[in-house]
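Inspection log for the structure reproduced underneath, given as structure tokens.
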Amino acid sequence: MITQIARADARSLAYAKELIFKGEAVAFHTETVYGLGADAGKDDAVRRIFSLKGRPADNPLIAHVHADYDISPLIDREPSYAGKLRRAFLPGPLTMVYPSTGKVSPLVSCGLNTLAIRVPSSPTAQAFLRAVNLPVAAPSANRSKHVSPVTAEHVYDDFAGEIPLILDGGACAGGIESTVLDCTGEIPVILRAGLVTREQIASVAGECGVYVKKAGEKPKSPGMAYKHYAPRCKTAYYTEESLGEAEACYLREQAAGGAPCFLCGSGLAEALAARGFHALDLGGTGEEMAQKLYLELRRAERTATLLIAIEPKLRGGVMDGVMNRFTRAFGRNTDEA
Ligand code: AMP
Ligand code: MG
Numbered sequence: 000m001i002t003q004i005a006r007a008d009a010r011s012l013a014y015a016k017e018l019i020f021k022g023e024a025v026a027f028h029t030e031t032v033y034g035l036g037a038d039a040g041k042d043d044a045v046r047r048i049f050s051l052k053g054r055p056a057d058n059p060l061i062a063h064v065h066a067d068y069d070i071s072p073l074i075d076r077e078p079s080y081a082g083k084l085r086r087a088f089l090p091g092p093l094t095m096v097y098p099s100t101g102k103v104s105p106l107v108s109c110g111l112n113t114l115a116i117r118v119p120s121s122p123t124a125q126a127f128l129r130a131v132n133l134p135v136a137a138p139s140a141n142r143s144k145h146v147s148p149v150t151a152e153h154v155y156d157d158f159a160g161e162i163p164l165i166l167d168g169g170a171c172a173g174g175i176e177s178t179v180l181d182c183t184g185e186i187p188v189i190l191r192a193g194l195v196t197r198e199q200i201a202s203v204a205g206e207c208g209v210y211v212k213k214a215g216e217k218p219k220s221p222g223m224a225y226k227h228y229a230p231r232c233k234t235a236y237y238t239e240e241s242l243g244e245a246e247a248c249y250l251r252e253q254a255a256g257g258a259p260c261f262l263c264g265s266g267l268a269e270a271l272a273a274r275g276f277h278a279l280d281l282g283g284t285g286e287e288m289a290q291k292l293y294l295e296l297r298r299a300e301r302t303a304t305l306l307i308a309i310e311p312k313l314r315g316g317v318m319d320g321v322m323n324r325f326t327r328a329f330g331r332n333t334d335e336a
């Protein structure tokens, strides 16, 4: 199969629609990361997404719809705070989990009685979703466990020859996945931190919880239990306090003939580069780090044999989401077992 990369225009959108109606998968740009979409109403189409990605069968997908799509037939009830959040943040990088009416394939939610719904703001995603005018089940368009894709080329690297079309909208401005918010209870609860922050949600809804999995409990957002975002090279993880050890690790790899590389925030990246180390710069703010994290992980894995992360010191806001992805990419996740 030839994999086409095309900007969203009348021709590529007509092709995308034809493919989705046939039950095929189409990759598309969003403002967070690229998605790999299929008709959420067709079991076989949804199954195809899981098999293409090698995604565990108990990790549910998000149903994507365009901004004017009426979601009321899909959801059983909407708490008043959820309506307010929708009006405040959608279209945008916020996924809302509702009690489901079971109108889409049960495979989308992996048998859960809830449905995650997202309305992306990317013009490419909107044009695609309007063209098909149905809920599109889509996870990130990467092989399971690999770094999420933030350019059409990243999607191509993972799926060339296996999917017919990638709708190219350029590099993703957000850079990390959407915030996943449980809207089934009394108050909204963040299941996965992302670009819409807890502070922003609380300012509209009055309050906002953060889900913490209890020992032995099945995670509410099953995807969070898996290793994720791993670059395809060796990795190491240090804090700024143990920079001496990190440098020793770098020099050992270099002496062994490898190509080590640091990944860290702006000031430190410059200081390391000035001393002759190869260092990738994640930027100086949470937003910048979100935008550059997957880009730099995908860049590093092409040339580095060892990627040495130095934990950024910034916290709060978008950094909650960045740190979640950062620690997972380096096998240091402490969110759950
Ligand atoms: P991805 O599309 O690869 O970013 O993954 C989708 C994320 O949304 C995963 O972390 C899923 O566990 C989560 N998710 C999707 N549907 C639901 C749902 N019904 N309830 C809770 N989490 C969900
Ligand atoms: Mg993913």
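When the letters of the sequence shown are read in order and numbered with numbering that gives the first Met the number 0, they come out as residues 0 to 336. Glycine included, each C-beta is placed from N, C-alpha and C at the ideal position. Small disclaimer: the values here were computed from a predicted structure and weren't measured.
Handout entry: Rounded C-alpha distance that separates Ala5 from Gly40
Key = As a position in the sequence shown, residue 5 is number 6, starting the count at 1. As a position in the sequence shown, residue 40 is number 41, starting the count at 1. Approximately 25 Å between the Cα atoms of the pair.
Practice task
Could you tell me if Ala126 is buried or exposed, where buried requires 16 or more neighbouring beta carbons within 10 angstroms of its beta carbon?
Solution key: Residue numbering aside, residue 126 sits at position 127 when the sequence shown is read from its first letter. Buried.
Exercise for the section: Decide if Arg274 is buried, meaning its Cβ has at least 16 other Cβ atoms within 10 Å, or exposed. Expected result: Position 275 of the sequence shown, counted from the start, is the residue given in the question as residue 274. Under this definition Arg274 is an exposed residue.
Practice task
Compute the distance between the beta-carbons of Glu175 and Thr302, then report whether it is under 8 Å.
Solution key: Working through the sequence shown from its first residue, we reach residue 175 at position 176. Working through the sequence shown from its first residue, we reach residue 302 at position 303. Looking at the sequence provided, one finds Ile at residue 175 rather than Glu. Contact: no.
Practice task
Please work out which residues of its chain come closer than 7 Å, Cβ to Cβ, to Tyr17, disregarding the five sequence neighbours upstream and downstream, and give them in chain order.
Solution key: The residue given as residue 17 occupies position 18 in the sequence shown. Strictly speaking, residue 17 in this sequence is Glu, with Tyr absent from that position. Only residues of its own chain outside the window of five on either side were considered, and among them none has a CB closer than 7 Å to the CB of Glu17.
Practice task
Have a look at Glu240 and Phe261 and give me their C-alpha separation to the nearest angstrom.
Solution key: Counting from one through the sequence shown, the residue named residue 240 turns up at place 241. Counting from one through the sequence shown, the residue named residue 261 turns up at place 262. Roughly 15 Å between the two C-alpha positions.
Handout entry: Cβ distance (whole Å) where Gly22 is taken to contact Asp38 below 8 Å
Key = Counting from one through the sequence shown, the residue named residue 22 turns up at place 23. Counting from one through the sequence shown, the residue named residue 38 turns up at place 39. The Cβ separation is near 6 Å, so the contact holds.
Handout entry: Under the three-state DSSP convention, the category Ile175 falls into
Key = Here residue 175 corresponds to residue number 176 of the sequence shown, with the count starting at 1. Three-state DSSP puts Ile175 in coil, outside helix and strand.
Practice task
Using alpha carbons as the reference points, say which of Gly283, Pro218, Ile309, Asn58 lies closest to Thr238.
Solution key: Counted from its first residue, the sequence shown places residue 238 at position 239. For the set Gly283, Pro218, Ile309, Asn58, the Cα lying nearest the Cα of Thr238 is the one of Ile309.
Practice task
Could you tell me the distance, in whole angstroms, from the CA atom of Met318 to the CA atom of Glu246?
Solution key: Translated into the one-based positions of the sequence shown, residue 318 becomes position 319. Translated into the one-based positions of the sequence shown, residue 246 becomes position 247. Rounded to the nearest whole angstrom, the C-alpha separation of Met318 and Glu246 is 25 Å.
Exercise for the section: Give the DSSP-derived three-state secondary structure of Ile186 in the structure shown. Expected result: Counting from one through the sequence shown, the residue named residue 186 turns up at place 187. In the three-state reduction of the DSSP assignment, Ile186 falls in the coil class, being assigned neither a helical nor a strand state.
Exercise for the section: Could I get the ranges of all uninterrupted beta strand (DSSP E) runs contained in the segment 74–107, with 3 residues as the minimum, in chain order? Expected result: The segment 74–107 contains these whole beta strand (DSSP E) runs: 93–98.
Exercise for the section: Identify every residue that forms a DSSP beta bridge with Val209. Expected result: The residue labelled residue 209 in the question sits at position 210 within the sequence shown. DSSP output for Val209 lists Ile189 as bridge partner(s).
Problem - Element boundaries [beta strand (DSSP E), containing Arg117] - result: Start at 1 with the first residue of the sequence shown, and residue 117 comes out as number 118. For Arg117, the enclosing beta strand (DSSP E) has its first and last residue at 113–117.
Exercise for the section: Figure out for me which residue from Ile189, Ala270, Pro163, Ala170 has the closest Cα to the Cα of Lys212. Expected result: Within the sequence shown, residue 212 is the residue found at index 213, counting from 1. The option with the nearest alpha carbon to Lys212 is Ile189.
Exercise for the section: Starting from Tyr293, follow the alpha helix (DSSP H) in both directions and report where the run begins and ends. Expected result: As a working note, residue 293 is residue 294 in the sequence shown. Secondary structure note for Tyr293: its alpha helix (DSSP H) is the uninterrupted segment 285–302.
Handout entry: First and last residue of the uninterrupted beta strand (DSSP E) at Arg6
Key = Counting from one through the sequence shown, the residue named residue 6 turns up at place 7. Here the beta strand (DSSP E) through Arg6 covers 3–6.
Handout entry: Residue from Val135, Arg297, Ser50, Val154 whose Cα sits closest to the Cα of Val3
Key = The residue given as residue 3 occupies position 4 in the sequence shown. The residue asked about is misnamed: residue 3 is Gln in this sequence, not Val. Taking only the C-alpha atoms, the option nearest Gln3 is Val154.
Exercise for the section: Decide if Ala56 is buried, meaning its Cβ has at least 16 other Cβ atoms within 10 Å, or exposed. Expected result: To locate residue 56, count along the sequence shown from 1; it is residue 57. Counting of Cβ neighbours within 10 angstroms places Ala56 among the exposed residues, the total staying below 16.
Problem - Distance cut-off 7 Å: Leu250 Cβ against heavy atoms of ligand 1 - result: Numbered from 1 along the sequence shown, position 251 holds the residue referred to as residue 250. Set against 7 Å, the gap from the CB of Leu250 to the closest heavy atom of ligand 1 is not smaller.
Exercise for the section: Could you tell me which residues DSSP pairs with Ile309 in its beta bridges? Expected result: Residue numbering aside, residue 309 sits at position 310 when the sequence shown is read from its first letter. Answer is Tyr237.
Handout entry: Within 8 Å, strictly: CB atoms of Val64 and Val118
Key = Along the sequence shown, read from residue 1 onward, the residue named residue 64 stands at position 65. Along the sequence shown, read from residue 1 onward, the residue named residue 118 stands at position 119. In this structure, the beta-carbon distance from Val64 to Val118 falls below 8 Å.
Practice task
Look at Lys219 and Thr304 and say whether their C-beta atoms are less than 8 Å apart.
Solution key: Counting from one through the sequence shown, the residue named residue 219 turns up at place 220. Counting from one through the sequence shown, the residue named residue 304 turns up at place 305. No, they are not a contact pair.
Handout entry: Simplified DSSP state of Pro72, which is helix, strand or coil
Key = If you number the sequence shown from 1, residue 72 lands on position 73. If DSSP states are grouped into helix, strand and coil, Pro72 belongs with coil.
Exercise for the section: Examine chain D for any beta-carbon lying closer than 8 Å to the beta-carbon of Tyr210, and answer yes or no. Expected result: Among the chains of the structure shown, chain D does not appear; only one protein chain is present.
Practice task
Whole angstroms is fine: what's the gap from Ala140's alpha carbon to Phe158's?
Solution key: Translated into the one-based positions of the sequence shown, residue 140 becomes position 141. Translated into the one-based positions of the sequence shown, residue 158 becomes position 159. For Ala140 and Phe158, the gap between their C-alpha atoms comes out near 8 Å.
Exercise for the section: On a CA-only basis, which of Leu128, Pro90, Gly316 is nearest Val25? Give me that one, please. Expected result: Translated into positions along the sequence shown, residue 25 becomes position 26. If you compare the alpha carbons of Leu128, Pro90, Gly316 with that of Val25, the shortest gap goes to Leu128.
Problem - Bridge-paired residues (DSSP) for Gly34 - result: What you label residue 34 is simply residue 35 of the sequence shown in a count that begins at 1. Its beta-bridge partners are Phe27, Ser139.
Practice task
Take the Cβ of Gly193 as the centre, count every other Cβ of all protein chains shown within 10 Å, and call the residue buried at 16 or more, exposed below.
Solution key: Numbered from 1 along the sequence shown, position 194 holds the residue referred to as residue 193. By the 10 Å Cβ count, Gly193 comes out buried.
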